[in-house]
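The structure appears below as structure tokens.
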Amino acid sequence: MLKEAYSGSIKYMQILDEEGNVDQSIPLDDIDNEKIIRMYKLMVFARAVDSKVLSLQRQGRMATYGPCIGEEATQIGAAIAMNPNDIFVPNFRQHALYLARGMPLENFLLYWKGYEEGNIPAAKINGMPVIVPVGTQMQHAVGLAFAQKQRKTGNAVVAYVGDGGTSEGDFYEAMNFAGVMKVPVILIIENNGWAISVPRSRQSAAETLAQKAIAAGIPGVQVDGNDVFAVYKAVSEAIRNSKDGAFVIECITYRMSMHTTSDDPTKYRSEADVNEWKARDPILRLRKYLSKHGLWNDDMESKMNEEYAKLIDAAVEKEEAFKPDPRSMFNSVYSFIPQVLQEEMDDAEANNYWR
Amino acid sequence: MVTALNNAIDLLLKEDENVVVLGEDVGKDGGVFRVTDGLQAKYGDNRVIDTPLAESAIIGTSIGMALGGLKPIAEIQFAGFMYLGFGQIINHCSRYRTRTRGTRSLNMVIRTPVGGGIRALEHHSENPEALYAHANGLIVVEPSNPYDAKGLMISAMHMNDPVIFLEPTKLYRLFKQEVQDGMYEVEIGKANVVKEGSKLSIITYGTMTRIVEDVVSKKNVDAEIVDLRTISPLDEKTIIDSAKKTGRVMIVHEASASFGVGAEISARIAEKAIFELQAPILRVASPSIPVPCPGYEDYYLPNAKKISNAIDKILSV
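First to last, the sequence lines map onto chains A and B.
So for the first sequence, this note's numbering puts the first residue at 1; every next one is plus one.
So for the second sequence, this note's numbering puts the first residue at 356; every next one is plus one.
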């Protein structure tokens, strides 16, 4: 006997095209004008923060930073779709998501300047701290989702990984657990085309990254990650259905800028590649939509930009007033202070090694 | 040091076509620190391989390559990400030879940047040498200068054992040193007496070597400085000889003190030379806490002042 044991396929969704036109065949559900304006403002805000941090970094006022320029829709679509109590698990490039979920800007800046204190408010906004070791956070997301299910909170967990991260064993293991445990987790692949210098084509021989879900027995979809409506719709639906189990959403976007401020993309990709994606910019196309529908004008734009500049400057001022206390490094390691640590701390203080 | 390492790997690739380089961004990008810069263009993408982003697979596949007769030089982008391949290292790299009683050996090197001092993000400034040194069957080296880096890399590939090659990021571009062209080896398992002295022995390695040299020279102390170069297997003879000669021993390393390399050295000296010591052994190291974010780096890393105070203390006994 020879028969087909399994066949699967992955759908691709785009609602808002590059010209700001909406595909009428796909219902917008609860995406109303108020929400659309909110999406736009949050994306612009995230980009303004990115460019401010980059300029501070060049002046030596920030540590290494990886901007999310070009990837805002992939994050804002989900941020708006999430309920207030839903939990998010980022990697290290979800700046727009953090800010949209209510992370105070001065704390956000504090983390990227190099202080753990920046991580403190994440807990209050149901977010996990920035995760640097690639792909590892996906397993935490599955565990968090299991806890939601077990404790009947009704909350969903939304986790992010990059295209590079989907090559890690941890990612596959997380998906497999999520499938078996049937937990309310939405795994978002922020496919920005690049893992530092390695292009998506060299990352996996699979045609889509969403199809990796199929092997774990989880439904998956691919969406235009520069289309905030498509991201919103996919994430909202996944959250609504999350009691039935996990879901994988691959968002196709593009890393318009460097991997981090330590990276020089001219070494491995051409200007032409980047220019091709400039036309697909998520903010640009939403602005086109807003103008077409009379929802936005230049006056509103300049007022918003002014307001953001003030907000950002005020946050930078607060962040720069922060005075680190080296004792915090010792006090926070355990739930108590072991004698060894106490002695090391006293020694450093008494001999003034901290200058 | 970047140039010296690049040169060493270049020579190794030229010498033996079984040598391959693999890791994240090692090809076109030349590695995030540029250690493999230009090598893919020179030797092709079958010899210098950009891998998908998966540390465990980089190490595990390297093991398979070595079993298949190749000689892989694997790069793990930062030591903090090497933990994802820790299982492969401990379960397989360290014991393949002994559990096959020498019939299967792994001629491979795993390179990774270690240590702080460059204001890098979280997980980018780890000092994990004690973890690997504790896994017997691995060779662990950490050079403190470009000359040693090149010679140790060549020796590492020329021996038929798995070598964990730790490269201090701070030293990649900190200073220049004349390094001879062509192949040469720096013996693995042999420490380097950087400076002879009679009042005190300072055992160190990696980034701390130069800081120790500076402090000793500024204070004009008659100290003997031993740069380990190889952490495991430890050059016990050089250490014990020096301890017996000076009667005072200080160990300086960047990794945290608790359960570290300094503890191992102290124990060896206590076992073999304790009656010849005139003062308790002192360790200067980072505090016993996880490596903090870069804003706290200066509060964390051992500095000249801490080393200087320790020298005063041990000489006052």
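For glycine and all other residues, C-beta sits at the position ideal for the given N, C-alpha and C.
Counted as a single uninterrupted DSSP element, the beta strand (DSSP E) harbouring A:Ile189 occupies residues 185–191. Contact check between the region 218–233 of chain A and the region 251–263 of chain A: three or more CB pairs, one atom from each, fall below 8 angstroms, which counts as touching.
Bridge partners of B:Arg466 according to DSSP: B:Glu430, B:Phe520. Close partners of B:Ala475 in chain A (Cβ separation under 7 angstroms): Thr64.
At least one CB of chain A lies nearer than 9 angstroms to the CB of B:His478. By the Cβ-count criterion, B:Asp577 is exposed, with fewer than 16 other Cβ atoms from all chains shown falling within 10 Å of its own Cβ. Under the 9 angstroms criterion on CB atoms, A:Thr260 is classed as interfacial with respect to chain B. The Cβ atoms of A:Ile37 and A:Leu290 sit closer than 9 angstroms to each other. Taking 7 angstroms as the upper bound on Cβ-Cβ separation, chain B lies near residues Pro324, Pro326, Met329, Phe330 of the region 306–330 of chain A.
At a cut-off of 9 angstroms between beta-carbon atoms, B:Asp380 makes contact with chain A. Within chain A, the residues whose beta carbon sits less than 7 angstroms from that of B:Lys661 are Tyr353, listed in sequence order. At a cut-off of 9 angstroms between beta carbons, A:Phe336 makes no contact with chain B. The count of Cβ pairs closer than 8 angstroms, one atom from the region 379–399 of chain B and one from the region 442–454 of chain B, stays below three, leaving the stretches out of contact. B:Ile669 and B:Arg603 do touch by the CB rule: their CB atoms are close to 5 angstroms apart, below 8 angstroms.
For B:Ala485, the closest Cβ of chain A is not nearer than 9 angstroms. In the structure shown, A:Cys251 falls within a strand segment according to DSSP collapsed to helix, strand and coil. The region 59–74 of chain A and the region 184–201 of chain A touch, with three or more beta-carbon pairs separated by less than 8 angstroms. In chain order, Val548, Lys550, Glu551, Gly552, Ser553, Leu555, Ser556, Ile557, Ser597, Lys600, Thr601 place their CB closer than 8 angstroms to the CB of B:Glu579, counting only its own chain and leaving out the 5 sequence neighbours on each side. Taking 9 angstroms as the threshold, the shortest C-beta distance from A:Gln203 to chain B falls below it. Note: A:Gln222 is bridge-paired with A:Tyr12, A:Glu250 in the DSSP secondary-structure output. Annotated three-state conformation of A:Trp277 is helix, per DSSP. Per DSSP, the continuous alpha helix (DSSP H) segment holding B:Asn361 begins and ends at 357–370. Under the Cβ criterion of 9 angstroms, B:Pro407 is counted among the residues facing chain A. Chain-order list of chain B residues neighbouring A:Tyr115: Cys648, Gly650, Tyr651, by C-beta distance under 8 angstroms. Sequence-distant partners of B:Ser663 (beyond 5 residues in either direction) whose C-beta falls short of 7 angstroms from its own C-beta, in its chain, are Val570, Lys574. Relative to the Cα of B:Pro649, the nearest Cα in the group B:Val381, B:Ser460, B:Met420, B:Ile473 belongs to B:Ile473.
The way I'd put it, the region 527–547 of chain B doesn't touch the region 631–638 of chain B; fewer than three beta-carbon pairs between them come closer than 8 angstroms. Positions of the beta strand (DSSP E) runs, each at least 3 residues long and wholly inside the region 492–516 of chain B, are given as 494–496 in order along the chain. Proximity of A:Val53 to chain B, defined by a Cβ-Cβ separation below 9 angstroms, is not satisfied.
Taking 7 angstroms as the Cβ-Cβ cut-off, the region 189–200 of chain A approaches chain B at Ala195, Ile196, Ser197, Val198, given in chain order. Boundaries of the beta strand (DSSP E) around A:Tyr160: 157–162.
Under the Cβ criterion of 9 angstroms, A:Met138 is not counted among the residues facing chain B. Just so you know, the alpha carbons of A:Asn351 and A:Asp86 end up roughly 47 angstroms apart. Using a Cβ-Cβ cut-off of 9 angstroms, A:Lys243 is close to nothing in chain B; its nearest Cβ partner there is about 32 angstroms away.
Distance from the CA of B:Asp365 to the CA of B:Asn373, rounded to the nearest whole angstrom, comes to 13 angstroms.
Against chain A, the CB of B:Asn658 has a partner CB under 9 angstroms away; the residue lies at that interface.
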